[in-house]
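Q: Numbering (the numbering used here), first residue to last: 5 to 438.
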Ligand SMILES: Cc1cc2nc3c(=O)[nH]c(=O)nc-3n(C[C@H](O)[C@H](O)[C@H](O)COP(=O)(O)OP(=O)(O)OC[C@H]3O[C@@H](n4cnc5c(N)ncnc54)[C@H](O)[C@@H]3O)c2cc1C
Ligand SMILES: NC(=O)c1ccc[n+]([C@@H]2O[C@H](COP(=O)([O-])OP(=O)(O)OC[C@H]3O[C@@H](n4cnc5c(N)ncnc54)[C@H](OP(=O)(O)O)[C@@H]3O)[C@@H](O)[C@H]2O)c1
């Protein structure tokens, strides 16, 4: 049995410290976790936010490239009850978005516990409570051996995001490639790649924008498009394509909106097949709804492809050959100095949450939108609907309202049955936090 020691708030490094949280534990201090915390404030519910990094919104601060801007107009990216400043442009820059997040946390007085990586969480059926273990180390071997803290709570909000880990494909021979290989999450700018032949693997928004940035810095990017992709203009006749789609969907069925979008995209962008870019048979909105695949919103990469500054390789990679060659499935072979894997991201939930009823093996809620925000036994998920910042905001509002009403009921009951009845299960080891 686990032995706990807690001596006047000072933790013995060999032992576990155990903390009772009077309210939900929120895992992740990105937009989803912060949005939920801010909404909980409105209901007066105390909470603890646990964050593995040393800053708010670490994805935006540490794992995005310099030239990144929001790709939807700012009004679709706002958090609940906190508009963007009026002087922000229509598409705020990465830096402006980070400043906005920091003032949001300030405004709602949210102070996450930084450098606390959740490495396990499970529901203790005997206690009827969640047990959430953290460590300062993000590496799992160190996590098991290092000092740990255990949080005990009634509600657990999973806000670790759809981009918590990089998706890195196994490609034969890649290990022997002598040039630099990095994931798009570690790419900052094309400055260092000037004059280099760079293979960009993946043609989502990251792959397209990294290719554009490389080309702007006088590198020679080639982008691998192994299947098909919808590329839409970010704006049509000065109006955001996203906003136009939302407007049309008020009046028209989705399939018709898809058809109209594709006609407009053809008028603005021309025939992409000529550039080696095939469109999926499903329309862009249907594909997003059915498979969660986001269309690329073009902000200049297509122009560079047309001018030949970005080359398209319309085939998957067969394998890497020798120190710097790549053979593609269409039989062509090319040499490169560097490789950037813009191959997407994955959820890390299966690596730490010991639960299989609500989350699937890929770390997403099993119930499709709009039902995937609430599980049983006080478990919630925010930001897992592939609907970006606006999806995260609506999850946050729902979750806070739900916990808010439960908390009200439970605190009334707890006036009779005090917290000490829970605490007694753990004797002297449990401190309280909220
Ligand atoms: C390059 C890029 C650009 C994007 N641009 C847009 C855009 O313009 N508009 C849009 O709507 N969406 C965009 N997105 C989607 C993006 O995922 C969301 O905007 C937003 O960041 C999601 O917020 P989140 O809080 O759910 O996840 P995240 O921002 O990823 O935050 C999750 C937090 O959880 C922490 N965490 C993870 N695991 C643990 C753990 N075990 N213990 C403790 N903490 C943990 C992470 O460190 C992180 O801080 C973009 C994504 C990428 C990769
Ligand atoms: N604000 C912005 O401007 C901005 C910028 C970047 C990203 N984002 C958002 O961030 C999220 C992630 O985007 P992302 O572009 O990083 O990932 P993504 O949309 O998941 O795209 C991953 C790409 O990698 C390809 N791929 C994966 N494995 C491959 C392999 N072995 N060989 C060749 N290709 C491979 C995929 O091809 P298949 O389709 O064939 O699988 C796909 O084209 C999205 O929501 C996106 O909208 C937004």
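Note that beta-carbon positions come from the ideal geometry of N, C-alpha and C, so glycine has one too.
The structure displayed is predicted, hence computed values, not measured ones.
Following the continuous beta strand (DSSP E) through residue 40, name the residue where it begins and the one where it ends.
A: Taken as a continuous stretch (DSSP letters only), residue 40 belongs to no beta strand (DSSP E), being part of the alpha helix (DSSP H) at 35-46.
Q: Nearest-angstrom Cα distance between residue 155 and residue 27?
A: Near 11 Å, if we compare the C-alpha coordinates of residue 27 and residue 155.
Q: Kindly examine ligand 2 and report whether one of its heavy atoms sits closer than 6 Å to the Cβ of residue 323.
A: For ligand 2, not one heavy atom lies less than 6 Å from the Cβ of residue 323.
Q: Hey, out of 231, 290, 367, 273, whose CA is closest to residue 253's CA?
A: Nearest C-alpha to residue 253: 290.
Q: Does the stretch 264-284 come into contact with the stretch 113-127, if we say contact requires no fewer than three beta-carbon pairs (one atom in each stretch) closer than 8 Å?
A: Flag = no, the stretch 264-284 and the stretch 113-127 do not touch.
Q: Buried or exposed: where does residue 234 fall if 16 or more other Cβ atoms within 10 Å of its Cβ makes it buried?
A: Looking at its Cβ environment, which holds 16 or more other Cβ atoms inside 10 Å, residue 234 is buried.
Q: Could you work out which residue in 138, 288, 344 is closest to residue 188 when comparing CA atoms only?
A: Nearest option by C-alpha distance: 344.
Q: Which same chain residues, not among the five before or five after residue 128, have their C-beta less than 7 Å away from its C-beta?
A: Closer than 7 Å at the Cβ level, and outside the excluded window around residue 128, lie 135.
Q: Does residue 31 pass the burial test, meaning 16 or more other C-beta atoms within 10 Å, or should it be called exposed?
A: Buried, since its Cβ has 16 or more Cβ neighbours within 10 Å.
Q: Please report the straight-line C-alpha distance between residue 219 and residue 226, rounded to a whole angstrom.
A: Their Cα atoms are separated by approximately 10 Å.
Q: Starting from residue 24, follow the beta strand (DSSP E) in both directions and report where the run begins and ends.
A: Start and end: 20-25.
Q: Could you give the residue range of the beta strand (DSSP E) that holds residue 331?
A: From DSSP, the beta strand (DSSP E) with residue 331 extends over 329-332.
Q: Determine the direct distance from the alpha carbon of residue 130 to that of residue 366, and round the result to whole angstroms.
A: Taking the straight line from one Cα to the other gives about 28 Å.
Q: Return the first residue and the last residue of the beta strand (DSSP E) that residue 217 is part of.
A: Here residue 217 belongs to no beta strand (DSSP E); instead the alpha helix (DSSP H) covers 209-220.
Q: Distance, Cα to Cα, residue 66 vs residue 278?
A: Roughly 37 Å between the two C-alpha positions.
Q: Using only alpha-carbon positions, find the residue among 84, 82, 79, 97 that is nearest to residue 68.
A: Comparing Cα positions, the closest option is 97.
Q: Across the stretch 322-329 and the stretch 92-112, are there enough close Cβ pairs to call them in contact, namely three or more that are closer than 8 Å?
A: The answer is no - the stretch 92-112 does not touch the stretch 322-329, with fewer than three Cβ pairs under 8 Å.
Q: Here's a check: name, in chain order, each residue in its chain whose Cβ is nearer than 8 Å to the Cβ of residue 293, leaving out the five neighbours to either side.
A: So the qualifying residues of the chain are 258.
Q: Go to residue 245, then tell me how far its alpha helix (DSSP H) extends in each direction, as first and last residue.
A: Unbroken alpha helix (DSSP H) run through residue 245: 245-255.
Q: Can you give the Cα-Cα distance for residue 390 and residue 62, rounded to whole angstroms?
A: Spanning the two alpha carbons is a distance of roughly 19 Å.
Q: Which value, in whole angstroms, describes the spacing of the CA atoms of residue 215 and residue 334?
A: Distance between the alpha carbons of residue 215 and residue 334: 21 Å.
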